[in-house]
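Protein chains in written order, with my numbering: chain A, 249 to 478; chain B, 249 to 478.
Working notes, structure below.
Protein chains: 2
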Amino acid sequence: MRNRSPERSPADGPLSVRDRHAAIHHQIRQRICLLSYPPGTRLSETSLASEFGTSRTPVRRVLARLEDEGLVQSVHGVGTIVTDADIGALEQVYHLRVELTGLMGRLDPVVPDVAFVERFERLVTRGREIIDTGTPHEFTRFDMDVFQTLLQLTANIPLRAVLERLYYQTKRIWLQAAIEAHLDLKEEFRIFHHELEALLQALRSNDIEAAAHIQRAHISMSFKRLQQNS
Amino acid sequence: MRNRSPERSPADGPLSVRDRHAAIHHQIRQRICLLSYPPGTRLSETSLASEFGTSRTPVRRVLARLEDEGLVQSVHGVGTIVTDADIGALEQVYHLRVELTGLMGRLDPVVPDVAFVERFERLVTRGREIIDTGTPHEFTRFDMDVFQTLLQLTANIPLRAVLERLYYQTKRIWLQAAIEAHLDLKEEFRIFHHELEALLQALRSNDIEAAAHIQRAHISMSFKRLQQNS
DNA sequence: GTGTGACCAGTTGTACACATCTTTGCATGC
DNA sequence: GCATGCAAAGATGTGTACAACTGGTCACAC
Chain A
249 MRNRSPERSP ADGPLSVRDR HAAIHHQIRQ RICLLSYPPG TRLSETSLAS
299 EFGTSRTPVR RVLARLEDEG LVQSVHGVGT IVTDADIGAL EQVYHLRVEL
349 TGLMGRLDPV VPDVAFVERF ERLVTRGREI IDTGTPHEFT RFDMDVFQTL
399 LQLTANIPLR AVLERLYYQT KRIWLQAAIE AHLDLKEEFR IFHHELEALL
449 QALRSNDIEA AAHIQRAHIS MSFKRLQQNS
Chain B
249 MRNRSPERSP ADGPLSVRDR HAAIHHQIRQ RICLLSYPPG TRLSETSLAS
299 EFGTSRTPVR RVLARLEDEG LVQSVHGVGT IVTDADIGAL EQVYHLRVEL
349 TGLMGRLDPV VPDVAFVERF ERLVTRGREI IDTGTPHEFT RFDMDVFQTL
399 LQLTANIPLR AVLERLYYQT KRIWLQAAIE AHLDLKEEFR IFHHELEALL
449 QALRSNDIEA AAHIQRAHIS MSFKRLQQNS
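Written out as structure tokens, the structure is:
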């Protein structure tokens, strides 16, 4: 059997259908979660289509998926609106995320190899630089990179999928609420960086369960701080 | 504020867009999970469209959602194929389901009221009748009803959504594998019915955590029996 | 000034024609 | 008899025109 995509180079011109879909999905999700499209924004299928150089049809499929993921909601005759969330709904998702993150250490944990630890060390270094100069936008983007990396500590595919779904549901709401509550974002950076150093220690000891519990505690405390200030 | 769907009676003619979508989605998902469309079946958008009295467009949206849920996979030029799963992938989903089911007792548990207990009692009675006369089809349908009912024991909406997703991913594969492994389905009925009676006891005592642990143990043992016979 | 009703611009939902791709079966050369 | 190529059928993906619907604006009666 040959490759499913014949004569495909890594940096080739015509992407497959799935790749095009994934690219548009990733782009729009990033904009929503980085608050380029804050909650309440009305997205236009037509303008998105012209921006991505395609027709409305593929854009509509992406928006339908984002609707299933809870990030937007389409209303006939009105538009496709970026969803908002009250603190109550956010709390439910956070509680679930806390428990599922704790599960990462027990469900098919992956012992990190040298390359993984080095990659994580680079992340810690990059985080140290961001503490002083970082904008909320850069901080969130950094947080996403860390999350995607740590996701590889479990080989349980469905668990990964669920965690990713819940992460993108909460991150943007947290960011917006943190800004509105005048949370000290620089202080949040610092706390996050401490967590990363603790995680690095755990990873060097190949202790996935400890790493999972550190993340779990971080998520829980992060939400508690938000609740206290709002 | 008035109803989102003005002048809507329970049995009214013109359904809203969301309802039509939900109806088609439910129908096709039922057929997949009841093995009317066994794994490998090629679904045709055109014939589904004519059956539901619509065009391909709404059907395509439903199939896209089912693809995101992992139940089908669309391949350009070939068709939309009902997915299969090997025992390894199934094991990962089962492990996750076991843990999440255990969480139901701790994340926003709902104390069952009298109406709920009565509804469950009727389910137990219905189950007793099915033990002798039931076909695999009826058994699975009954299992779905029980699952949907027990889902209401937690008020955590995201947890419900995740559990439902994982349930429909595994149920049909379990059923197919159970038939192929020549598992004694009548014996499985009986064990399931014992579980229901134990659950009824727990519900009467308002002990949601016990109910969650009973379900958890049931799911775990059910999969173990399957593994031993395959 | 105010309430009311009709129109209009803009949006999502649907239907359909066409493009692109895969499979399959058959004809043809050897 | 067999391999090979080609064409045709049928599937999903895409583009586009139109239907259905909403929110706002503006003219007009009172």
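Quick reminder that beta carbons are idealized off the backbone N, C-alpha and C, glycines included.
Under 7 Å from the C-beta of residue i: neighbouring residues of chain A
| i | result |
| --- | --- |
| B/Gln340 | Asp356, Asn404, Ile405 and Pro406 |
| B/His410 | Checking the sequence, you will find Val at residue 410 of chain B rather than His. Correct list: Val410. |
Chain B contact residues for residue i, given Cβ-Cβ distances below 7 Å
| i | result |
| --- | --- |
| A/Leu351 | Glu347 |
| A/Leu344 | Leu355, Asn404, Pro406 and Leu407 |
| A/Leu414 | Pro406 |
| A/Asp316 | Arg313 and Asp316 |
| A/Val265 | His324 |
Under 9 Å by beta carbon: chain B residues contacting residue i
| i | result |
| --- | --- |
| A/Val320 | Chain B residues near A/Val320: none, gap ~14 Å exceeds 9 Å. |
Three-state secondary structure (DSSP) of residue i
| i | result |
| --- | --- |
| B/Pro254 | Because B/Pro254 sits at a pLDDT of 38, beneath the cut-off of 50, its placement in the model cannot be relied upon, and the following sentence gives the value as read from the coordinates. Reduced to three states, the DSSP call for B/Pro254 is coil. |
| A/Ala465 | helix |
| B/Pro357 | strand |
| B/Thr397 | helix |
| A/Thr418 | helix |
| A/Thr402 | strand |
| A/Asp260 | Caution is warranted here: a pLDDT of 44 is assigned to A/Asp260, below 50, making its placement in the model unreliable, and no coordinate value can be reported. |
| A/Met249 | Note that A/Met249 has pLDDT 33, beneath the 50 cutoff, so the model's placement of it is unreliable and no number is given. |
The beta strand (DSSP E) enclosing residue i, as first and last residue numbers
| i | result |
| --- | --- |
| A/Ser322 | Val320 to Val323 |
| B/Val330 | Gly327 to Val330 |
Supposed close pair residue i, residue j - CB separation, criterion 8 Å
| i | j | result |
| --- | --- | --- |
| A/Pro384 | A/Ile427 | 7 Å |
| B/Phe368 | B/Leu451 | 6 Å |
| B/Val365 | B/Leu444 | In fact, because the Cβ distance is near 13 Å, the residues do not count as touching under 8 Å. |
| B/Tyr416 | B/Arg277 | 6 Å |
| B/Ile421 | B/Ala333 | 5 Å |
| B/Val410 | A/Val341 | Incorrect: roughly 10 Å between the Cβ atoms, too far for contact. |
| B/Arg309 | B/Glu293 | About 11 Å separates the two Cβ atoms, so there is no contact after all. |
| A/Gly327 | A/Leu291 | 7 Å |
| A/Leu447 | A/Ala459 | 5 Å |
| A/Val307 | A/Ile329 | Their Cβ separation, rounded to whole angstroms, is 15 Å, which puts A/Val307 and A/Ile329 out of contact at 8 Å. |
| B/Thr388 | B/Leu314 | Actually they are not in contact, since the Cβ atoms of B/Thr388 and B/Leu314 sit about 18 Å apart, beyond 8 Å. |
| B/Arg354 | B/Glu457 | 7 Å |
| A/Ala312 | B/Ala312 | 6 Å |
First through last residue of the alpha helix (DSSP H) which encompasses residue i
| i | result |
| --- | --- |
| A/Gly336 | Ile335 to Leu351 |
| A/Gly375 | Val362 to Thr381 |
| B/Ser295 | Glu293 to Glu299 |
| B/Pro306 | Arg304 to Asp316 |
| A/Asp267 | Val265 to Cys281 |
| B/His441 | Leu433 to Arg452 |
Amino acids of chain B, ordered along the chain, whose beta-carbon sits closer than 8 Å to that of residue i
| i | result |
| --- | --- |
| A/Leu311 | None at all; the shortest Cβ gap to chain B is about 10 Å. |
- Message: With three or more C-beta pairs closer than 8 Å as the rule, is the segment 337 to 353 of chain B touching the segment 459 to 471 of chain B?
- Response: Taking a cut-off of 8 Å for Cβ pairs, the segment 459 to 471 of chain B and the segment 337 to 353 of chain B touch, as three or more such pairs fall below it.
- Segment contact, 8 Å Cβ cut-off, at least three pairs: the segment 356 to 363 of chain A with the segment 394 to 414 of chain A: yes
- Counting Cβ pairs, one atom from each stretch, are 3 or more of them under 8 Å apart for the segment 429 to 440 of chain B and the segment 370 to 387 of chain A? no
- Mind the definition here: the segment 315 to 326 of chain A touches the segment 404 to 411 of chain A only if three or more C-beta pairs lie below 8 Å; say whether that holds. no
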